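This report refers to the structure that appears directly beneath it.
Numbering (the working numbering), first residue to last: 1262 to 1500.
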């Protein structure tokens, strides 16, 4: 599971939520995070598969009898320079879209009835790449733009009972970045990012978790919103 997922589970637990943690491969890590929460359980599922999305929803209902919120943070990418058009295949696009777009749709569909019954909320974790056409690859940026568009559609379709919003982080200091770039290059990337943005800093996982928690708990009149958690990168002129 990702650092943002872990931080979000811990933040929501601290606020009194019961949390179902989804993981695809990292069972030990998911169980470790669950053990740090007051009331949490970890369930393995691949959200690219509709049956497994329904399994996750049912697991929450079996455990607690209700679903009040859904955070869609599963995602994948392929690191390819945007100018390298031959570096991406149709299969790359389909794999990335299947997890980054179809997965969140299937999770919302699986949870929709329970969310409506409890006037719940959904937060999709997108990326500033969706706005700027940047990020790890062209396919990734396109998938996050599609996720934003779907957020608007779902907000209209599920209202008034369910609020649907998205958060768009910029650079976040996570093990994913460290593994993809290496520690030294990740540090350099964070420094470059900080120099570009108005707040002169980059996000930590807890910053994204705070935004997610606010959208779930405190944003009573907010739906169809794309909230940037990027230090102001989206408002910065291209360089």
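Where a beta carbon is used, it is the ideal one built from N, C-alpha and C, also for glycine.
Note that the coordinates shown come from a computational prediction; the quantities given were computed from them, not determined experimentally.
Taking the C-beta atoms as reference points, residue 1389 is found nearer than 7 Å to residue 1491. Shortest Cα-Cα distance from residue 1485 to any of 1415, 1393, 1430 involves 1415. Contact between the stretch 1354 to 1372 and the stretch 1462 to 1472 is absent: fewer than three C-beta pairs spanning the two stretches fall below 8 Å.
Per DSSP, residue 1302 is one residue of the beta strand (DSSP E) stretching across 1301 to 1305. Taking a C-beta distance under 7 Å as the contact criterion, residue 1431 and residue 1494 qualify as a contact pair. Residues of the same chain with a CB within less than 7 Å of the CB of residue 1359, apart from the 5 flanking positions on each side, are 1309 in chain order. The continuous alpha helix (DSSP H) containing residue 1370 extends over residues 1364 to 1378. In this model, residue 1348 and residue 1400 are separated by some 10 Å (Cα to Cα). Following the DSSP letters along the chain, one finds residue 1427 inside the beta strand (DSSP E) bounded by residues 1424 to 1430. Annotation note: the stretch 1265 to 1295 contains the following uninterrupted beta strand (DSSP E) runs of length 3 or greater, listed N- to C-terminal: 1280 to 1284.
In the same chain as residue 1295, and ignoring 5 residues on each side of it, the C-beta atoms closer than 7 Å to its own belong to 1282, 1301, 1302, 1303, in chain order.
Listed in chain order, the non-local C-beta contacts of residue 1396 below 7 Å within the same chain comprise 1388, 1390, 1402, local neighbours out to five positions each way being set aside.
For residue 1409, there is no enclosing beta strand (DSSP E); the enclosing alpha helix (DSSP H) covers residues 1399 to 1419. Within the stretch 1449 to 1487, the runs of alpha helix (DSSP H) that reach at least 4 residues and sit entirely inside it are, in chain order, 1466 to 1478.
Counting only the Cα atoms, residue 1331 lies some 20 Å from residue 1406. DSSP, reduced to helix, strand and coil, places residue 1447 within a helical segment of the structure shown.
Between residue 1327 and residue 1379, the CB-CB gap stays under 7 Å. Residue 1333 sits in a strand when the DSSP states are folded into three classes. Per the coordinates, the alpha-carbon of residue 1437 lies some 13 Å from the alpha-carbon of residue 1335.
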